[in-house]
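Below: the structure, in structure tokens.
Protein chains: 4
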Amino acid sequence: MPRTEEQYKDIRGQKIALIKETALGLFAEKGFSSTPISAIAKKAGISKGLIYNYFTNKEDLIGKIMLEGIDEFMSVYDPKTEEAISEAKFKYFIDQTFEILKQNLDFWKLYFLVMMQPEVMKLVENKLMEYLLPFLDALSNYFESRGFENPMAHARLLGAILDGVSLNYIVDPVSFPIDDIKKLIIDKFL
Amino acid sequence: MPRTEEQYKDIRGQKIALIKETALGLFAEKGFSSTPISAIAKKAGISKGLIYNYFTNKEDLIGKIMLEGIDEFMSVYDPKTEEAISEAKFKYFIDQTFEILKQNLDFWKLYFLVMMQPEVMKLVENKLMEYLLPFLDALSNYFESRGFENPMAHARLLGAILDGVSLNYIVDPVSFPIDDIKKLIIDKFL
Amino acid sequence: MPRTEEQYKDIRGQKIALIKETALGLFAEKGFSSTPISAIAKKAGISKGLIYNYFTNKEDLIGKIMLEGIDEFMSVYDPKTEEAISEAKFKYFIDQTFEILKQNLDFWKLYFLVMMQPEVMKLVENKLMEYLLPFLDALSNYFESRGFENPMAHARLLGAILDGVSLNYIVDPVSFPIDDIKKLIIDKFL
Amino acid sequence: MPRTEEQYKDIRGQKIALIKETALGLFAEKGFSSTPISAIAKKAGISKGLIYNYFTNKEDLIGKIMLEGIDEFMSVYDPKTEEAISEAKFKYFIDQTFEILKQNLDFWKLYFLVMMQPEVMKLVENKLMEYLLPFLDALSNYFESRGFENPMAHARLLGAILDGVSLNYIVDPVSFPIDDIKKLIIDKFL
DNA sequence: CATGAATGAGCATTCATTCAT
DNA sequence: AATGAATGAATGCTCATTCAT
């Protein structure tokens, strides 16, 4: 009995998810160019050929992993808010950022890896900007409403701080005092 | 009649410097594994083989570039100070950090690239820690003397901030408002 | 629709045999290190890469050729006989040795080549000893039963003679009087 | 004060000898193609370039080592004897053969290595035959005078035996019972 | 949808050899 | 006579990608 169109779609969806997950883990652990497609196939228990059924090439694979990841974590924020964020919302935003970081360490490793690699970065740049710009605007509005001078510089500084803290936590998750640091950040920007 | 040992040393020194410089530029631009040794040789106007006269392999090359870079910029600070840093010195330190960043963009690109690559990171880790730990201690002492609570967290936060700011500046040197941000940092930590 | 496991196994088996055969011929003719993998691939009409699908590296290839060869020719003898060999059996053994030598000249060339190369020898040493020791024991028993004094020395001498004769025949198969020499050996040791 | 022609010749002679000796040791230990010229230079404490002052290339070097070795050990025998060898002389010859083998293990390792490598063998073949043929003739005469039938086959057999015994001793000098075996050979051919 | 055999371009690395000094 | 910097051809090996089944 042939499978229905629906069933096929399910299988495809599951396989695609499996491949992305497996690849994410390996990319984060070994790096992009040190992870052969064959290693992904092996760890996922599928054939190399199957990966090429779903992704046109290795770059497409990492590109789609990145885009999905960006979508996922950006959906947590409500980037369409145009009015200024409240204090409570700001605090919630900082909390969420750290929570997401802790729970998706692999993705964030990959994120920073990719940021440093011009070739892959190009694949993601547009999408990233699409989210980042309204996000910086929202922060800027918040700082303006709180009476900070040069609010856009504050917004970019906070963005940079979150990058720097994430980076340090990723490189050394054991001894980096992330919770203490979260408090300091909230103190300084609330 | 062979050249004197002195002459040979000169030649070696010049070639080694040329190779390191060229490699640094290419690594920073294309990434480590996307830069073939042949590309370095070509750009430096020498043969592939010559690179292997001076460096045992590609990893040795990047390792030595990193170590030299770390030595160079660390020599700017006086990491042996044990008494607390003065306000003026602290300000000078922040200034210097930004100055060095601006003047060695390629090296810092490579630095962040390497931080994300476990294999290469291992080659440099020890040397880095040798400098970073006394450095964090000095910062911590400064914060303690200024009456900040949890001074070590403050030190690590400042370290992370400098990482994050550098990273943002490296990725987008044109529009990142680095001078405004320097002022904000000094305000917040003085 | 993928091929059945059976079909894949067939393909693999055939290709592995083809590669081994081709490599044996070239190794015997040119020597191990003077035979590039590319030459084997070319002569076998396949790509370099395919060889690495079946053998982890060049040493693995020669190692497996040697092991297979040793297994093959040792299966001719019955190394598990524990009682003394009869005269007829001894004669048959000498005959067989010369027959095998004549029919597998390439393999024996390679065998002596390998004996002289410490690196490759190590790959095969254990397997070889596994066969050679019982074999020398059997010969020793034979000489003892025939009343020869110092039977183990006789066994090792005979082993050495077979090596020496093989070597001379390999180097100069045209003019070396191998059949006459076989008779002399049988006369001297019967 | 410039050196006299004589002194230069001395230096040349000493350096040539040093290079040959050093190369022989390394070739025997590692094999011909696994021994870089640079390794010879390093071990001899001279420069690579100097080796090329005395030998046109690597093959020339091994060729000259082989030729010198052959000359040296052949001078022990008196290959110009045309009358049949006496029993005493035969015994002395066997003794000498084993003595020389024991004292020049490195050379003999190289000798067998070279015999298996067609390219290098060609360089030596003629010289070798120049010695070997009269040598086999002398042996043949000896066997004829002692009433052995098919004396040339006996001569070639003895040659092969000496090869085989040497080979076994070279591969495993510790446990091969070379002295017992010498006695057996003398018994069988006297 | 799924497989894995097959390809070949690409790359790190080695090393014999040359040559200016 | 002696040095060692420099070259570049050669080679082992990897891996993204294709494709017949």
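Chains as they are written, first to last, in our numbering: chain A, 1 to 190; chain B, 191 to 380; chain C, 381 to 570; chain D, 571 to 760. For every residue, glycine included, the Cβ atom is placed at its ideal position computed from N, Cα and C. As the structure is a computational prediction, the values presented were derived from the model and not from experiment.
For the C-beta of E119 of chain A, the chain B residues within less than 9 Å are, from N- to C-terminus, K220, G221 and S224. The beta carbon of V456 of chain C sits closer than 8 Å to the beta carbons of Q476 and I480 from its chain, once the five residues preceding and following it are set aside; these are given in chain order.
Taking 8 Å as the upper bound for CB-CB distance, G354 of chain B and L326 of chain B are not in contact here, some 16 Å apart. If you check the CB distance, A518 of chain C and I465 of chain C come in under 9 Å. Within its own chain, the residues whose Cβ lies closer than 8 Å to the Cβ of K48 of chain A, once the five positions on either side in sequence are excluded, are I37, S38 and A41, listed in chain order. Residue contact with chain A for L357 of chain B: present (Cβ-Cβ distance below 9 Å to some residue of chain A). Distance from F412 of chain C to Q497 of chain C at the Cβ level is roughly 7 Å; contact confirmed, criterion being Cβ atoms closer than 8 Å. Not flagged as an interface residue toward chain C: F663 of chain D, since no C-beta distance is shorter than 9 Å.
Take the alpha-carbon of L594 of chain D and the one of S710 of chain D: they are about 33 Å apart.
One alpha carbon belongs to A234 of chain B, the other to E576 of chain D, and they sit about 48 Å apart. According to the DSSP assignment, S166 of chain A belongs to the alpha helix (DSSP H) that extends over P151 to V171. At a beta-carbon threshold of 7 Å, none of the residues of chain A lie near N294 of chain B; the nearest stands roughly 16 Å away. K372 of chain B sits close to I284 of chain B, with the two beta carbons spaced by under 9 Å.
Two segments are said to touch when three or more pairs of C-beta atoms, one from each, lie closer than 8 Å; by this definition the region 716-724 of chain D does not touch the region 736-755 of chain D. Pairing K600 of chain D with V694 of chain D, the inter-Cα distance amounts to about 20 Å. Our two residues, R726 of chain D and F556 of chain C, have alpha carbons roughly 8 Å apart in a direct line. In the three-state scheme derived from DSSP, where H, G and I count as helix and E and B as strand, S414 of chain C is classed as coil. In this structure, DSSP gives S47 of chain A a state outside helix and strand, which the three-state scheme calls coil.
Per the coordinates, the alpha-carbon of D486 of chain C lies some 41 Å from the alpha-carbon of S34 of chain A. Contact of G595 of chain D with chain C is not assigned, every C-beta pair being separated by 9 Å or more.
Of all residues in the region 319-333 of chain B, none comes within less than 8 Å of chain A when Cβ atoms are compared.
A direct Cα-to-Cα measurement between Y472 of chain C and A598 of chain D gives close to 37 Å. In the DSSP assignment, T287 of chain B falls within the unbroken alpha helix (DSSP H) covering E277 to Q293. Secondary structure of V314 of chain B (DSSP, three-state): helix. Interface annotation, V314 of chain B: not in contact with chain A, CB-CB separation never under 9 Å. In this structure, DSSP gives G69 of chain A a helical state, which the three-state scheme calls helix. Rounded to the nearest whole angstrom, the C-alpha separation of L50 of chain A and E452 of chain C is 40 Å. For D543 of chain C, the closest Cβ of chain D is nearer than 9 Å.
Closer than 8 Å at the C-beta level to chain D, one finds these residues of the region 529-542 of chain C: N530, M532, A533, H534, R536, L537, G539, A540, I541 and L542. Per DSSP, reduced to three states, the secondary structure at G147 of chain A is coil, with no helix or strand assignment.
Here K679 of chain D is buried: its Cβ has 16 or more other Cβ atoms, across all protein chains shown, within 10 Å. Taking 9 Å as the cut-off, the Cβ atoms of Y359 of chain B and K254 of chain B do not count as close.
Collapsing the DSSP output to three states places Q577 of chain D in a helix. Close partners of V174 of chain A in chain B (Cβ separation under 9 Å) are lacking, with about 13 Å as the shortest Cβ gap. F682 of chain D reaches chain C at F492, M495, M496 and L547, counting residues in chain order whose Cβ is nearer than 9 Å.
Chain-ordered, the chain B residues with CB closer than 8 Å to the CB of I181 of chain A read A343, R346, L347 and A350.
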